[in-house]
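Notes follow once the structure below has been shown.
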Amino acid sequence: MCSSDLRMAVGARIALVRHGETEWSRDGRHTGTTDIPLTDHGREQARAAAPLVAALGVERVRCSPLQRARDTLALLDLPLEPVIDPDLVEWDYGAYEGITTREIRETVPDWTVWFGGCPNGETPEQVAARVDRVIAAARAADGTTLVVAHGHVLRVLTARWLGLPPQDGRLFRLDTATVSLLGWERETPVILSWNVGDRKSTRLNSS
Numbered sequence: 022m023c024s025s026d027l028r029m030a031v032g033a034r035i036a037l038v039r040h041g042e043t044e045w046s047r048d049g050r051h052t053g054t055t056d057i058p059l060t061d062h063g064r065e066q067a068r069a070a071a072p073l074v075a076a077l078g079v080e081r082v083r084c085s086p087l088q089r090a091r092d093t094l095a096l097l098d099l100p101l102e103p104v105i106d107p108d109l110v111e112w113d114y115g116a117y118e119g120i121t122t123r124e125i126r127e128t129v130p131d132w133t134v135w136f137g138g139c140p141n142g143e144t145p146e147q148v149a150a151r152v153d154r155v156i157a158a159a160r161a162a163d164g165t166t167l168v169v170a171h172g173h174v175l176r177v178l179t180a181r182w183l184g185l186p187p188q189d190g191r192l193f194r195l196d197t198a199t200v201s202l203l204g205w206e207r208e209t210p211v212i213l214s215w216n217v218g219d220r221k222s223t224r225l226n227s228s
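Residue numbers (this note's numbering): 22 to 228.
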């Protein structure tokens, strides 16, 4: 990155919102491209996140095309037209779609999505290639870009923002309907805040 590009980049931030609860996220089932709606609780979570997002002064919005993300964005009630970005679709889990880590480990002990692979699905590197394009678009302009998407894809995005390999997304637990902010300390990309939400409306889980 040349010096002029760096000056532009450090004026850019990305706010992250994971979609609200769905039946599958509640139950720890891997939910990639399956297009399922928010639960009533998930809609409550999204409404609770709206004041947190409003306080960030968002200037642009990019959103996954999947229903649970689009419905979460609608409940944030922002006066901005979003870019619906297919690069923000959740990780394609292939043969592991709709099942839990515990079920996978019955046949593949110690499996994780970060290192274990998803038969007929995406690799971490393929997900990283998608989110790198999202990051490049956000860094091309000053101000805050809101990204509304999914747990694993946003964790990979965070790792890539920090210059880390996609597997390091495993270090960043992200609960449903929480708000996080990526930015800079001088010329170093950093996490400014992480996993902020109304804990009364957020069910903590290990999925």
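Just so it is clear, CB atoms sit at the ideal spot from N, CA and C, and this is done for glycine as well.
Values in this document were obtained by computation on a predicted structure and should not be read as measured data.
{"Item": "Where Gly190 falls, given that 16 or more other Cβ within 10 Å makes a residue buried", "Value": "buried"}
{"Item": "Three-state secondary structure (DSSP) of Arg164", "Value": "Strictly speaking, residue 164 in this sequence is Gly, with Arg absent from that position. Reduced to three states, the DSSP call for Gly164 is strand."}
{"Item": "Of the residues Thr209, Arg47 and Tyr117, the one placed nearest Asp61, counting alpha carbons only", "Value": "Arg47"}
{"Item": "Pair within 8 Å by beta-carbon distance, Trp135 and Ile125", "Value": "no"}
{"Item": "CA-to-CA distance, Leu213 to Trp45, given in whole angstroms", "Value": "29 Å"}
{"Item": "Where Gly204 falls: helix, strand or coil (DSSP)", "Value": "strand"}
{"Item": "Helix, strand or coil at Pro186 [DSSP, three-state]", "Value": "coil"}
{"Item": "8 Å contact criterion, which Val129 and Gly119 should meet: CB distance rounded", "Value": "Actually they do not touch by this definition, with Cβ atoms about 16 Å apart."}
{"Item": "Contacts around His40, its chain only, beta-carbon distance under 6 Å, and the 5 residues preceding and following it disregarded", "Value": "Arg89, Ala90 and Thr93"}
{"Item": "Residues near Val104 by beta carbon distance below 6 Å, same chain, minus five either side", "Value": "Arg83"}
{"Item": "Runs of beta strand (DSSP E) wholly within the stretch 23-89 (minimum 3 residues, chain order)", "Value": "33-39 and 79-84"}
{"Item": "For Val217: DSSP bridge partner residues", "Value": "Val200"}
{"Item": "Backbone secondary structure at Ile125 - three-state DSSP", "Value": "helix"}
{"Item": "Candidates Thr52, Arg50 and Leu77, of which the one nearest Leu203 by Cα", "Value": "Leu77"}
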